[in-house]
Amino acid sequence: MGGLKRTHMCGALRPENVGQRVVLMGWVQKRRDHGGLIFVDLRDRSGLVQVVFSPDSSAESFAKAGGVRNEYVLAVEGKVVPRPEGTENSALPTGRIDVICYGLRILNRAKTPPFYIEDGIDVDENLRLRYRYLDLRRPEMQLTLEMRHRTVKAVRDYLDQKGFLEIETPMLTSSTPEGARDYLVPSRVNPGRFYALPQSPQLFKQILMVAGMDRYFQIVRCFRDEDLRADRQPEFTQIDMELSFVDVDDVISLTEEMVVRICSEAIGLKPELPFPRLSYQEAMDRYGSDKPDTRFGLELADISDVALNCGFKVFSSAAASGGLVKGINAKGCGGFSRKDIDDLTAFASIYKAKGLAYFIVTAEGVKSPIAKFFGPQEIDTILTRLDAREGDLLLFVADSPGVAYAALGALRVHLAERLNLIPENLFNFLWVTDFPLLDYDQEEQRFVAMHHPFTSPREEDLGLLESDPGNVRARAYDLVLNGIEVGGGSIRIHRRDIQEKMFKAIGFTPEEAVDKFGYMLEAFEYGTPPHGGIAFGLDRLVMLLAGRKTIRDVIPFPKTQSAACLMTGAPGPVDPVQLKELHIRTEVKQPRTAKQG
RNA sequence: GGAGCUGUGGUGUAGUGGUUAACAUGCCGGCCUGUCAAGCCGGAGACCGCGGGUUCAAGUCCCGUCAGCUCCGCCA
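Residue 85 is where the first sequence starts when you use our numbering, and the numbers rise one by one after that.
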C-alpha cells in the first residue's frame, strides 16, 4: 500500500468531515467517465462514497482513473469537500460530500465479475455459491453477517452477565444410536473405529452439570447427515445452554429475556414478554402443526363427531377408526374454480391426504358434491364450527390424525400465502409445551423419543411410562417464531433409575443402554443435580430476523441441496494413500465430483 | 428413496418444428467537466446444460442424464 494508512471507512464520511485529508481503501462499485471528469463510487464494508477525479486536482490520478474498472481495489488520498449545490444525492448517506482525489494507487486489478455486486440480484444460485467471495461483497450479505455477529455478541454478553461459562466440547466424539445419521471420521490409530461429529453436545453438557459447572453455554457447530431443506444444512450452529437446579419456567423466562436482547441488538425490535404458550395438543388441534405460525388466523376446526354419524362413508369410517375429520375455512374463496380446488387437492395429497372435500357457502345454502350426505342440522353444526359466511370455501380432510394435521396444517399456510394474509415485519414468538415424551414408530414397531432419550417425563406421568408410554408428557418446550422452530429444550432426567426406564421404553436392553450410555448412567450415581437446558438454531433465528427465506443466506459458506460446496468442490475424492492409512476401502470406482455438469 | 420447477451471449430474459437465435444489461473502443440506473456513437460476444432419439428440418417434441432450487420421506 506504499506506506499509505487508511484513515476512514468509505461509508462513514459526512459533511462534518469536510476539509479533512483522508485515505480510503476499497473496491470500485462503479466508474462514471465524463471525459473531463471521472466519478468513482468506492465501496467497503461500511458503504459507498463518491470519489471525484479531475485534471484540476491531480492530472496523474485522473489519468490512472481512466483505466480503473469495476471491483478494482484502490487506495485513494483525497480531501472531503461539500458537493456543489444541486448535485447532492439524498439516496446515499454520504451523498452530501465528495472526496476529491489527489493521489490514486491501484492496489489490485479485477476481472469483470460474473454477476452484479449489489443487493437484490436475481442470479442462479450456482454462480453465487461458486463465487461466494463476490456474493459476500454485496451489502445485504455483509449486513446479514454483521447481524449474525450482533446476535452472537448479545448472547455472549447476556449469558456472561447471568453467570454462564462458555465451555467447549469435543468435535470428535462417539456415535450414538437414535436421532439423525452421523457424520463419521475414521480413526487412523484405531483401525476400523470411527468418531462421529456431534449432532449436538447434549451428553457433554449434561456431564458438565454433573461436574458442577452450574451454568454452561456454547455457540457450537453441529452436524447431521440428513437431506437438506431451505432451513436445514448438514452443519449448523446452535446456541447451546444448560443450567442446574432449574425447572421449565426458569429456562423459559431466562431465555425469553435473552431472545428480547437479541432482537433488540440485532434489529432494534422489542418483543413483548412473556411469549404465549401453547400445549402440543392445542397447537396440533388449532393449527395442525407443532410449530404454528400465528401471524394469521385460518384455524382448523374439528367435525369428527358430526362425521361419525353422517352418511358419507369416507368421513364416518375415518372418524370411527381413530382418525379425524377436520376442516379449514378458506375465507372468501367461494369463487374458487374447479381447477383451483383441484390444485388444493393436489397440494393436500403431498401430505398423503387421500382427498379434499369441500363446501361452497352460498346464499342458497351449501354447494358441495357431498352435501347430500348431511342433514340440515349437521350442515348447520359444521357451518357454525367453521364460522362460515356466505362466499366462504370450507375444506375438509378425513384421515388418520397424522395425515389430517399435516395436510390441513400445510394447507393453512399455503392459503395464507396465496391470500396474502401474512403481515410483514411481524415476529410472533411462542412456546409449545407438553410434548409427548414418546412417539410410536410404525416402521420400527417401537416407541422412540420425540425430543431425545434424556428428556424428563412430567412427574405426574411417571407411572404411565410402563403402562401407557404413548400418553406420557415430557418436560420439553420448543420456541417457535413465525412457524419455524428456532429452539427446543427440556428438563433432563437426572436419576439413573428413571433414565433406565426411559431406555427400556424405547426398546433398549439394559446391556445396550450400558454399552452406549454407561458413562452417563454411572455419572448419575455420583450426585447429579436436577438440570435442564435449551438449544437455539442460530442460523434459523438470524434468517428470520434478517427476513431471509433460507439459512444459506446467513451462512457464509453453505452447501447445496446435495451437500456440496460449489466453491471448494467438497466433498472430493482423496488420494488412495490416505484411504489406506485409514484402513478404508470404498465400493465406488469413480466418485462423482460436485462440480460436474 | 420420491414429486415438482428451472437450465438460451458474462448476467437476466424472449423465442408458433422452418432464413443469419431476439431484447435489456454488462463488456470492449470512441466522444463527453457534475454524474450517481450518467448520456451519445460503434463493436465483440450464445453451436440454446450434457447424451441419445423422432423428423426432410429440433432451442422448440420424446427418452435419459447432470446441476441448482422447492417440497414429501428423513431430520432424537
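Every residue, glycine too, gets a C-beta built ideally from N, C-alpha and C.
According to DSSP, residue i sits in a beta bridge with which residue or residues?
i    : result
Q302 : D324
E319 : F307
Y279 : V269
D203 : According to DSSP, D203 bridges with nothing at all.
D562 : V516 and G572
C185 : G162
F531 : Y524
F480 : G411 and A441
N192 : V157
R557 : P520
Could you tell me whether the Cβ atoms of residue i and residue j are closer together than 9 Å?
i    : j    : result
G110 : L126 : yes
V239 : M342 : yes
G572 : A648 : no
A490 : G372 : yes
F329 : G395 : no
G77  : S388 : Missing from the structure shown is residue 77; the chain here goes from 85 to 681 and no further.
R496 : I434 : no
I190 : V152 : yes
E209 : T644 : yes
T253 : G621 : no
F443 : F480 : yes
I201 : Q113 : yes
L327 : M293 : yes
D369 : D386 : yes
M627 : Y217 : no
G276 : H667 : yes
A264 : T634 : no
F538 : Q286 : yes
M93  : L108 : yes
I575 : R559 : yes
P655 : Q317 : no
From what residue to what residue does the beta strand (DSSP E) around residue i run?
i    : result
T446 : A441 to T446
K114 : R105 to D117
I69  : Limits of the chain in this structure are 85 at one end and 681 at the other, which puts residue 69 out of reach.
I122 : I122 to D128
G449 : G449 to K451
Relative to the alpha-carbon of residue i, which residue among the options has its alpha-carbon at the smallest distance?
i    : options                   : result
A350 : H233, A385, S363 and D427 : H233
R195 : G621, Y215 and P614       : Note that residue 195 is Lys in the sequence shown, not Arg. Nearest option by C-alpha distance: Y215.
Q583 : A455, E550 and I506       : E550
T143 : G187, R115 and F123       : Before going further, note that residue 143 is Ala rather than Thr in the sequence given. Nearest C-alpha to A143: G187.
L548 : P355, P520 and G87        : P520
D63  : D426, Q104, Y561 and E230 : Missing from the structure shown is residue 63; the chain here goes from 85 to 681 and no further.
P177 : L211, V160, A96 and S433  : A96
E224 : L211, I205 and T539       : I205
N393 : Y267, S284, L384 and S405 : S405
A607 : S400, F538, M255 and A295 : A295
P507 : T465, V564, T378 and A441 : T378
E155 : S174, L211, R222 and P282 : R222
A280 : T257, L287, A455 and A472 : T257
Y561 : D581, S540, H578 and D552 : S540
D266 : M297, S646, D309 and T228 : D309
L477 : I454, G611, V450 and E462 : V450
A589 : G602, A654, Y610 and D552 : D552
I466 : V445, D324, H118 and Q134 : V445
K515 : E366, Y603, G150 and N274 : Here residue 515 is Trp; the residue named in the question, Lys, does not match the sequence. Comparing Cα-Cα distances from W515 to each of E366, Y603, G150 and N274, the minimum goes to E366.
K410 : E100, L492, V332 and S400 : L492
D333 : T612, P358, N509 and N512 : P358
From which residue to which residue does the alpha helix (DSSP H) around residue i run?
i    : result
N173 : Note, N173: premise wrong, no alpha helix (DSSP H); not H, not E.
F248 : That residue, F248, is in no alpha helix (DSSP H); it is neither H nor E in DSSP.
D435 : According to the sequence displayed, residue 435 carries Tyr and not Asp. Counting along the chain, Y435 falls outside any alpha helix (DSSP H), and DSSP gives it neither H nor E.
D369 : Y364 to Y371
A500 : P485 to R502
F288 : Q286 to V294
T468 : P460 to R469
R669 : Where R669 is concerned, there is no enclosing alpha helix (DSSP H), given that its DSSP letter is neither H nor E.
A264 : Per DSSP, A264 belongs to no alpha helix (DSSP H) and is neither H nor E.
Y215 : Element bounds for Y215: n/a, residue is neither H nor E.
I582 : R580 to A589
S551 : L548 to S551
Start-end ranges of the alpha helix (DSSP H) lying completely within the stretch 132 to 165, minimum 4 residues: 143 to 149
Minimum length 4: unbroken alpha helix (DSSP H) runs contained in the stretch 376 to 431: 388 to 392 and 397 to 404
Uninterrupted beta strand (DSSP E) stretches inside the stretch 607 to 662 (no shorter than 3 residues): Segments of the beta strand (DSSP E) lying fully in the stretch 607 to 662: 615 to 621.
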